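Presented below is the structure to which this report refers.
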Amino acid sequence: MPEMTYAAAVRSAMEWEMAKDPRVFVMGEDIGVYGGAFGVTMGMVDRFGKDRVRDTPIAEEGIVGAGIGAALVGMRPIVEMQFSDFIMNAMDQVVNQAAKIHFMFGGRMSVPLVIRGPAGAGTGAAAQHSQSLEAWFHHVPGLKVVMPAFPDDARGLLLTAIRDPNPVLFYEHKLLYKIKGEVTESDEGVPLGRGLIRRYGTHATVVTYSLMVHRVLEAALQLEQKGWDVEVIDLRSLVPMDIPLVIESVKRTGRLAICHEAVGRGGIGGEIAARILESEAFDYLEAPLLRITGLNTPVPYSPPLESAFMPSVDRIAQSLATWLVHEGVSA
Amino acid sequence: MPEMTYAAAVRSAMEWEMAKDPRVFVMGEDIGVYGGAFGVTMGMVDRFGKDRVRDTPIAEEGIVGAGIGAALVGMRPIVEMQFSDFIMNAMDQVVNQAAKIHFMFGGRMSVPLVIRGPAGAGTGAAAQHSQSLEAWFHHVPGLKVVMPAFPDDARGLLLTAIRDPNPVLFYEHKLLYKIKGEVTESDEGVPLGRGLIRRYGTHATVVTYSLMVHRVLEAALQLEQKGWDVEVIDLRSLVPMDIPLVIESVKRTGRLAICHEAVGRGGIGGEIAARILESEAFDYLEAPLLRITGLNTPVPYSPPLESAFMPSVDRIAQSLATWLVHEGVSA
Amino acid sequence: MQQIENTTTPITTATALDWYRTMHRIRRFDETIDELFAQGKVHGTTHLYIGEEAVATGVIATLEPGDVITSTHRGHGHNIALGGDIQAMMAELLGRATGYCHGVGGSMHIADQSRGNLGANGIVGAGLPIAVGAALGFAMRHESHLVVAFTGDGALNEGAFHEAANLAAIWRLPVVFVVENNQYGMSGSVKEMFAIGHLADRAAGYGIPATMVDGMDIFSVWETASRAVEAVRKGQGPHLIEAVTYRYKGHSKSDANRYRSRDEIQQWRQRDPIDHLRRYLADQGIDPTELDRIRQEEVQAVAQALQYAEDSPWPEVRMLDDAVYALEEGDHA
Amino acid sequence: MQQIENTTTPITTATALDWYRTMHRIRRFDETIDELFAQGKVHGTTHLYIGEEAVATGVIATLEPGDVITSTHRGHGHNIALGGDIQAMMAELLGRATGYCHGVGGSMHIADQSRGNLGANGIVGAGLPIAVGAALGFAMRHESHLVVAFTGDGALNEGAFHEAANLAAIWRLPVVFVVENNQYGMSGSVKEMFAIGHLADRAAGYGIPATMVDGMDIFSVWETASRAVEAVRKGQGPHLIEAVTYRYKGHSKSDANRYRSRDEIQQWRQRDPIDHLRRYLADQGIDPTELDRIRQEEVQAVAQALQYAEDSPWPEVRMLDDAVYALEEGDHA
Ligand SMILES: Cc1ncc(C[n+]2csc(CCOP(=O)(O)OP(=O)(O)O)c2C)c(N)n1
Ligand SMILES: Cc1ncc(C[n+]2csc(CCOP(=O)(O)OP(=O)(O)O)c2C)c(N)n1
Ligand SMILES: [Mg+2]
Ligand SMILES: [Mg+2]
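Just so you know, the protein sequences line up as chains A, B, C and D, in that order. Take 1 as the starting number for the first sequence in the UniProt record's numbering and just add one per residue. Take 1 as the starting number for the second sequence in the UniProt record's numbering and just add one per residue. Take 1 as the starting number for the third sequence in the UniProt record's numbering and just add one per residue. Take 1 as the starting number for the fourth sequence in the UniProt record's numbering and just add one per residue.
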């Protein structure tokens, strides 16, 4: 299996589908010769031409709307948001149009549209270019939300997203673009809605996704040194979400922690917590919930501040350790 | 004390502040002679003139942005969204600008802006005109979110919102506009961040806000007939949120239910649940969480479907009863 | 910007009679809806097309199979002009399971993809970028279909219009923007909400040719639309038509018409587009009883549609369970 | 649309020398930032104003105390032209506690309300409605201040521009939109992203008068801006200026310039705005060593600013605790 970066894996999925399915095309700001702000679409215009790798004006509402319209007449557009934050300019098209068209028109139409782009902090891009907004979209019926942590998932989930008849938001974390992993360039997609246990453990279940999967796994290694064994679940897709997997795990470990980079207040951690608290796993809960999240602030610019905003490996390990100690879990 | 409708109470707060403070003005679509889509601003233009009760073109991004700019040079604008759903067209201005300006510029500026308008379903306005989007905004650091259930709170909280140096989203429920209550026309605002126990009880705590306060209170009466006594908390403002009040209550009742009209998945119920689950109240929890919410669908049009979407008094009462029975709470 | 008025056109009498029928169907349909609201028989809100019938009828008459439209909150007329099923429309307005959207959508969310209607829209301006995308799809597949994007005057001040217009222009897409300038966006008069003489003047800022037309005269509408459609289909890029018209009724069911005078309404009513066409047909020697018969047939058809709707079952709540996500692409009706 | 070029203007030598100094300060500041990025000493991204100095300098020279501007992601030049503190700017770019925003904002979020800068903006186009709102505030209070809204060419295709322009026009607000047409929005050439000859042509669609000007010639910029400012301040409503200019450097730190040729860059560099002004000053008999001295002083000043920034402390993490909500209105610096 070839090694490739996460960015290359995303590109590979797009190229695969474009080669196979003439209905698939990509559009976005500076995705052509420029290759995209993060180089994700680099070279694609040479292979597929300007028509199918389409540079657009700076007009997010327009291009998301155009994606919807193209989807309605039988295309399968992929729209890149140069930074996922910019989707705010297209919010009506995403939420009032794409998400609702199938439902609102009584099931007569569908919108097979992928909106993808970089999310997250860590590059010093500050408050308007660093957000993790998945919580908004998982609150919107009609959308699916995917946030892969590894190159192979990025490719496989994107294949599935492109083939999905519904609008899918596909968030890539900026800090993941350069990580490498083995990726099979096959036609097989990764199904949405299936989480993965990335590490087995007995003392607690830590649910996470995207970049934080890596940090939680590192933190888990630190805890292992101290004798604690935490289980780490990578959700991979947030809508649909593999809640049964989490319930099963919590029933085994008795403790639930959630880690995400997004602002804690109103983040997806709340929904996960509520799903567990209202499930049969409630009876197995031995400890209060632990959420390790982005701070309740916009993302600050200065390196020490930005680092403090994001859950770091150390913060994650320390939070987990403090929690486990407090709950009297002997290492 | 005079009785007035909720709509009149909202108007009264605006008029009070406008009479007192020349910096305050209102702008929005059809708020002048037309009086607003729900009549909230009816007559105001006659009293204050077209300059301060300003009809705008249909351009939500423009008018929210204009509100921000006016606030930055020392005005205190109130911007009406004709339906709160339309804020999607202004999402960037609300979230990337208004919410972040104070933080992003190092505390040098503030944006004293109120964005208010009708939320919620129940009027047959269908998927794009019936949403409850508060969960998005409570996830955005820098915004405050207020959702009063009664006329006196509507007036008092709006006074406070207008005086707040931060951007405040003020959501009025369409079905509340016509309800009446006693309102003192004084200068005293109701502080943000203080919930109220609307009904004391011992068997469970039901946390709610806006229209659902009324339905939960009615449901509580039904349960009372059956011998159950639930405590009902009206949050009144969601950011800041009176979590201490909820914790205290849950410590007494041992059971937490949450009721909101917004779509359940990713709704504010998740955050409340998580806050309790991570608090000292965890040790007092005797039952799984119960969430009674809008369905996980866009709001449908047809009366039977729309009714099913929203938690009704009966659904609330039945859900609570089933839950209490299941948990063996003897009536 | 060119201005065309009342040109003589090579319209056959049969075609004109068809238009006459369509315009009556639209009017009667919306009059019926108006009555139903007045009687409290429908919930929600609705936006009536009464007075503007010549625009939808004249423009849509120029389309060919495979062409599509995007519609607005004031969309009944567009769907009827496309040959839409008024039974399914009425049932939708009454929230019945037999409605276009099985009752899920209501007045503002009628679509009929099978006839090329990509959907009414409750959000002002939101259909415009969607129209552009549909045109992009056609262009990428080298199909000769085109898209008519209906929009109100008020919608022209939304960012959505702007972004859509520019995309259509730079990509030379087959879109005809049809601005139904009925003088008001709700209560906002075009005189106050624009600082330009004619709305069509805005098109030049995108490099889009534009034509202004009397929207109360179906012949002018048809002729203008025909020329625009021809040019657009040839690949000359988008075109904008400003059709000057008027809505007789309030903006929606809850409008007290405080922002305009009775006089003004009365004056526009004197230029009624159906009367105008009727006079033309009478001049062509069509027997007035024939014209009355057509009108009567449409009154009947709408009454039947209402009966159908009222006899139709309500949707079952459990239908919501599987209604949010598509299982496969395309038409699932 | 009028076009003004190279008009002789009643500029005193002292004023021209001031401009010369300001332009050098801007250039040196951004050259320094460029170097810092190249050395990996700054994180994040930045957008350099090099090549466009005449626009900010010439336009801002026409403003009076109390006037305000909204700036863009490419905002260093605007703030420097306003007399902003380059130490606080440099410290902000280096993420230090002594920066304009205490390190919270960085390159794209510099504001200096005390000098009338309502803020740079990371979101393309987003400053425009804010500018309009500031102008609305002035107008409502019957103050004679005005607002200059700087914007890029690319931003003109955002809905935000459209809505802002129309609001300014219908309310006749005191706003001068200054379009810095540097030929590209990132990699998107104005030739591909617009279907009109001149960007200024777009203004007519709102009823806004517009002027195109050579943005490499500070005299033309100043003269055009002066006239616009005069008209706007008289209450004649908004004006749009298209300043034709060029950015020498990549769009941001990560730009490989694949979308344009070296030749093109070279050609524009030959029209350098600072050289142009220097030639003028030389013609006026100013000793070249005097001009070199000014440049040298600015090189020094920027070096000192850098030193100041590097010596400044990092912000403390606990400052975030109270940084999100304002406790009271206004300036909390
Ligand atoms: C984004 C948005 N803003 C506001 C509204 C409320 N609204 C519905 S129709 C309408 C007026 C639209 O005016 P115009 O485009 O001229 O169409 P008309 O109603 O005159 O046919 C308004 C303000 C809306 N539905 N969507
Ligand atoms: C809403 C939004 N879309 C896209 C971007 C990414 N972006 C930043 S600057 C820029 C180009 C802006 O072009 P222009 O307005 O011409 O200004 P210039 O950079 O040329 O000064 C782009 C695409 C952004 N910051 N915000
Ligand atoms: Mg109109
Ligand atoms: Mg540019």
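Even for Gly, the Cβ is constructed at its ideal location relative to N, Cα and C. Owing to the predicted nature of the structure, the values given are computational and were not obtained by experimental measurement.
When C-beta atoms of the region 83-90 of chain D are compared with those of the region 158-165 of chain D, fewer than three pairs fall below 8 Å, so the two segments do not count as touching. In summary, the residues of the region 44-60 of chain C whose CB is separated from some CB of chain B by less than 8 Å are G44, T45, in the order they occur in the chain.
Here the residues close to ligand 3, judged by CB distance below 6 Å to any of its heavy atoms, are C/G152, C/D153, C/G154, C/N182, C/Y184, C/G185 in chain order.
Residue C/S189 holds the alpha-carbon nearest to the alpha-carbon of B/G32 among C/S189, C/P174, C/L199, C/D214. Under the Cβ criterion of 9 Å, B/F170 is not counted among the residues facing chain D. In the DSSP assignment, B/Y171 falls within the beta strand (DSSP E) that extends over 168-173. Inter-segment contact for the region 137-149 of chain C and the region 65-84 of chain B is absent: fewer than three beta-carbon pairs are separated by less than 8 Å. Against chain A, the CB of C/M140 has a partner CB under 9 Å away; the residue lies at that interface. Listed in chain order, the alpha helix (DSSP H) elements of length 4 or more contained wholly in the region 49-137 of chain C are 53-60, 76-81, 86-93.
Partner residues in the beta bridge of B/F25, as assigned by DSSP, are B/P77. At a cut-off of 9 Å between beta carbons, C/L320 contacts chain B.
Annotated three-state conformation of A/E3 is strand, per DSSP. Looking at the DSSP output, B/K144 sits in a beta bridge with B/V168. In the DSSP assignment, D/V317 falls outside any beta strand (DSSP E) and carries neither an H nor an E. For C/L17, the closest alpha carbon among the candidates C/R247, C/E52, C/R278 is that of C/R278. In this structure, the beta-carbon distance from B/A308 to B/D152 does not fall below 9 Å. Here D/H239 is bridged, per DSSP, to D/V176. Not a single heavy atom of ligand 2 lies less than 8 Å from the C-beta of A/T41. Fewer than three Cβ pairs drawn from the region 95-110 of chain D and the region 125-141 of chain D lie within less than 8 Å of each other, which leaves the two stretches out of contact. Chain A places no beta carbon closer than 9 Å to that of D/M90, leaving this residue out of the contacts. If you check the CB distance, D/I208 and D/G235 do not come in under 9 Å. By the CB criterion at 9 Å, A/V64 and A/I115 fall inside the cutoff. Closest by C-alpha distance to C/T245, out of C/N257, C/P273, C/H251, C/R258, is C/P273. Shortest Cα-Cα distance from B/V325 to any of B/R47, B/K100, B/H203, B/T123 involves B/H203. The region 228-237 of chain B makes contact with the region 194-212 of chain B: 3 or more CB pairs, one atom from each, lie closer than 8 Å.
Residue contact check for C/N157 against chain A: no CB pair falls below 9 Å.
Excluding sequence positions up to five before and after A/G201, its CB lies within less than 6 Å of the CB of D229, V230, E231, all in the same chain and listed in chain order. At a C-beta separation below 8 Å, A/T297 has these neighbours in chain D: L320, A323, V324. Taking a cut-off of 8 Å on C-beta distances, the region 175-192 of chain C does not touch the region 190-206 of chain D, as fewer than three cross pairs fall below it. Scanning its chain for C-beta atoms nearer than 7 Å, with the 5 sequence neighbours on each side dropped, one finds around B/Y284 the residues V250, K251, G254, in chain order. Taking 8 Å as the cut-off, one finds no heavy atom of ligand 2 near enough to the beta carbon of D/A282. The C-beta distance from B/G195 to B/D164 rounds to 18 Å, too long to meet the 8 Å contact threshold. For A/I58, the nearest beta carbon of chain D is closer than 9 Å to its own beta carbon. C/V178 and C/A243 do touch by the CB rule: their CB atoms are close to 6 Å apart, below 8 Å. Under the 9 Å criterion on CB atoms, B/Q128 is classed as interfacial with respect to chain C. DSSP places B/G181 in the uninterrupted beta strand (DSSP E) bounded by 180-182.
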